[in-house]
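K.L.:
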Amino acid sequence: MTLDREKLAKVASLLASDKMGERAAAAAKATAILQRAGMTWEEALRPVPGRQTVVLLPADTAALDAEIARLRAALAESDTRRTEVEARCAVLSRQLQAERSVFWREIA
(Lines of atoms letter the chains of each structure in order from A; the text may use other names.)
(Lines give C-alpha, C1' and ligand atoms only; values in the text may rest on other atoms or scores of the structure.)
Protein backbone atom coordinates (compact mmCIF):
# COMPACT_ATOMS: atom_id res chain seq x y z
CA MET A 528 0.00 0.00 0.00
CA THR A 529 1.28 3.49 -0.77
CA LEU A 530 1.57 6.21 1.81
CA ASP A 531 -1.08 8.93 1.67
CA ARG A 532 1.26 11.81 2.51
CA GLU A 533 -1.51 14.42 2.50
CA LYS A 534 -3.52 12.48 5.08
CA LEU A 535 -0.39 11.88 7.16
CA ALA A 536 0.43 15.60 7.03
CA LYS A 537 -3.10 16.55 8.17
CA VAL A 538 -2.93 14.11 11.07
CA ALA A 539 0.64 15.16 11.94
CA SER A 540 -0.47 18.80 12.14
CA LEU A 541 -2.49 17.82 15.21
CA LEU A 542 0.77 16.92 16.96
CA ALA A 543 1.10 20.66 17.64
CA SER A 544 -2.21 20.81 19.50
CA ASP A 545 -2.21 22.32 22.96
CA LYS A 546 -4.42 19.42 24.10
CA MET A 547 -2.50 16.36 25.26
CA GLY A 548 -5.29 13.97 24.21
CA GLU A 549 -5.35 15.34 20.66
CA ARG A 550 -1.57 14.98 20.42
CA ALA A 551 -1.70 11.38 21.65
CA ALA A 552 -4.54 10.48 19.28
CA ALA A 553 -2.72 12.13 16.36
CA ALA A 554 0.48 10.21 17.12
CA ALA A 555 -1.42 6.92 17.26
CA LYS A 556 -3.33 7.70 14.04
CA ALA A 557 -0.15 8.76 12.19
CA THR A 558 1.63 5.60 13.31
CA ALA A 559 -1.34 3.51 12.11
CA ILE A 560 -1.22 5.26 8.71
CA LEU A 561 2.48 4.41 8.41
CA GLN A 562 1.95 0.80 9.49
CA ARG A 563 -0.81 0.32 6.90
CA ALA A 564 1.61 1.64 4.27
CA GLY A 565 4.31 -0.71 5.59
CA MET A 566 6.61 2.20 6.41
CA THR A 567 8.58 3.48 9.36
CA TRP A 568 8.76 7.11 10.47
CA GLU A 569 12.32 7.25 9.15
CA GLU A 570 11.20 6.12 5.70
CA ALA A 571 8.26 8.51 5.67
CA LEU A 572 10.42 11.49 6.61
CA ARG A 573 12.98 10.93 3.88
CA PRO A 574 12.63 13.23 0.87
CA VAL A 575 10.55 11.75 -1.94
CA PRO A 576 12.73 11.14 -5.01
CA GLY A 577 11.88 13.57 -7.80
CA ARG A 578 10.14 16.05 -5.50
CA GLN A 579 11.56 19.44 -4.74
CA THR A 580 12.95 19.80 -1.23
CA VAL A 581 12.98 23.08 0.67
CA VAL A 582 16.00 23.73 2.83
CA LEU A 583 15.72 26.48 5.41
CA LEU A 584 18.94 28.32 6.08
CA PRO A 585 19.69 29.58 9.60
CA ALA A 586 18.90 33.16 8.54
CA ASP A 587 15.50 31.99 7.28
CA THR A 588 14.72 30.20 10.51
CA ALA A 589 15.85 33.17 12.60
CA ALA A 590 13.41 35.42 10.75
CA LEU A 591 10.64 32.86 11.22
CA ASP A 592 11.47 32.49 14.92
CA ALA A 593 11.30 36.27 15.32
CA GLU A 594 7.95 36.42 13.54
CA ILE A 595 6.58 33.60 15.69
CA ALA A 596 7.75 35.41 18.84
CA ARG A 597 6.12 38.64 17.63
CA LEU A 598 2.84 36.87 16.89
CA ARG A 599 2.84 35.10 20.26
CA ALA A 600 3.41 38.42 22.03
CA ALA A 601 0.57 40.01 20.06
CA LEU A 602 -1.68 37.08 20.94
CA ALA A 603 -0.81 37.37 24.63
CA GLU A 604 -1.52 41.11 24.52
CA SER A 605 -4.80 40.42 22.74
CA ASP A 606 -5.76 37.82 25.36
CA THR A 607 -4.92 40.27 28.15
CA ARG A 608 -6.96 43.02 26.50
CA ARG A 609 -9.89 40.64 25.96
CA THR A 610 -9.79 39.68 29.65
CA GLU A 611 -9.78 43.36 30.64
CA VAL A 612 -12.74 44.10 28.35
CA GLU A 613 -14.68 41.09 29.65
CA ALA A 614 -14.06 42.19 33.25
CA ARG A 615 -15.20 45.75 32.47
CA CYS A 616 -18.33 44.41 30.73
CA ALA A 617 -19.14 42.31 33.80
CA VAL A 618 -18.80 45.37 36.07
CA LEU A 619 -20.99 47.49 33.81
CA SER A 620 -23.54 44.71 33.52
CA ARG A 621 -23.79 44.45 37.32
CA GLN A 622 -24.14 48.24 37.59
CA LEU A 623 -26.87 48.27 34.96
CA GLN A 624 -28.70 45.45 36.69
CA ALA A 625 -28.52 47.31 40.03
CA GLU A 626 -29.76 50.55 38.45
CA ARG A 627 -32.67 48.75 36.78
CA SER A 628 -33.54 47.11 40.06
CA VAL A 629 -33.65 50.51 41.79
CA PHE A 630 -35.68 51.97 38.93
CA TRP A 631 -38.30 49.22 39.09
CA ARG A 632 -38.55 49.51 42.88
CA GLU A 633 -39.10 53.27 42.57
CA ILE A 634 -41.89 53.00 40.01
CA ALA A 635 -43.60 50.08 41.72
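Residue numbers (the working numbering): 528 to 635.
Where a beta carbon is used, it is the ideal one built from N, C-alpha and C, also for glycine.
Report the rounded CA-to-CA distance for L542 versus A551, giving the unit in angstroms.
P.N.:
Translated into positions along the sequence shown, residue 542 becomes position 15. Translated into positions along the sequence shown, residue 551 becomes position 24. Cα to Cα, the separation comes out at about 8 Å.
K.L.:
What residues in its chain sit with their C-beta under 8 Å from that of E533, if we drop five residues either side in the sequence?
P.N.:
Along the sequence shown, one-based indexing puts residue 533 at 6. Closer than 8 Å at Cβ, skipping near neighbours: no residue.
K.L.:
Secondary structure at A617, three-state DSSP: helix, strand or coil?
P.N.:
In the sequence shown, counting from the first residue as 1, residue 617 sits at position 90. If DSSP states are grouped into helix, strand and coil, A617 belongs with the helices.
K.L.:
Can you grab the Cα-Cα spacing for the pair T588 / R597, in whole Å?
P.N.:
By one-based count along the sequence shown, residue 588 stands at place 61. By one-based count along the sequence shown, residue 597 stands at place 70. Cα to Cα, T588 sits roughly 14 Å from R597.
K.L.:
With a cut-off of 8 Å on the beta carbons, I'd call L602 and A571 a contact; round off their distance for me.
P.N.:
The count along the sequence shown starts at 1 and reaches residue 602 at position 75. The count along the sequence shown starts at 1 and reaches residue 571 at position 44. 32 Å between Cβ atoms; not a contact.
K.L.:
In three-state DSSP terms, what is T529?
P.N.:
Here residue 529 corresponds to residue number 2 of the sequence shown, with the count starting at 1. Residue state, collapsed to three classes: coil.
K.L.:
With DSSP collapsed to three states, give me the class of G636.
P.N.:
Residue 636 cannot be examined here, being either before or after the span of the chain that is shown, 528 to 635.
K.L.:
According to DSSP, is D576 part of a helix, a strand, or is it coil?
P.N.:
By 1-based counting over the sequence shown, the position of residue 576 is 49. Strictly speaking, residue 576 in this sequence is Pro, with Asp absent from that position. P576 falls in the coil class under three-state DSSP.
K.L.:
Specify the secondary structure class of L584 as computed by DSSP and reduced to three states.
P.N.:
Within the sequence shown, numbered from 1, the residue matching residue 584 stands at position 57. In this structure, L584 counts as coil in the three-state DSSP scheme.
K.L.:
Beta carbon of I560, beta carbon of V538: below 8 Å?
P.N.:
On the sequence shown, position 33 is the one that residue 560 refers to. On the sequence shown, position 11 is the one that residue 538 refers to. Their beta carbons are under 8 Å apart, which means I560 touches V538 by this criterion.
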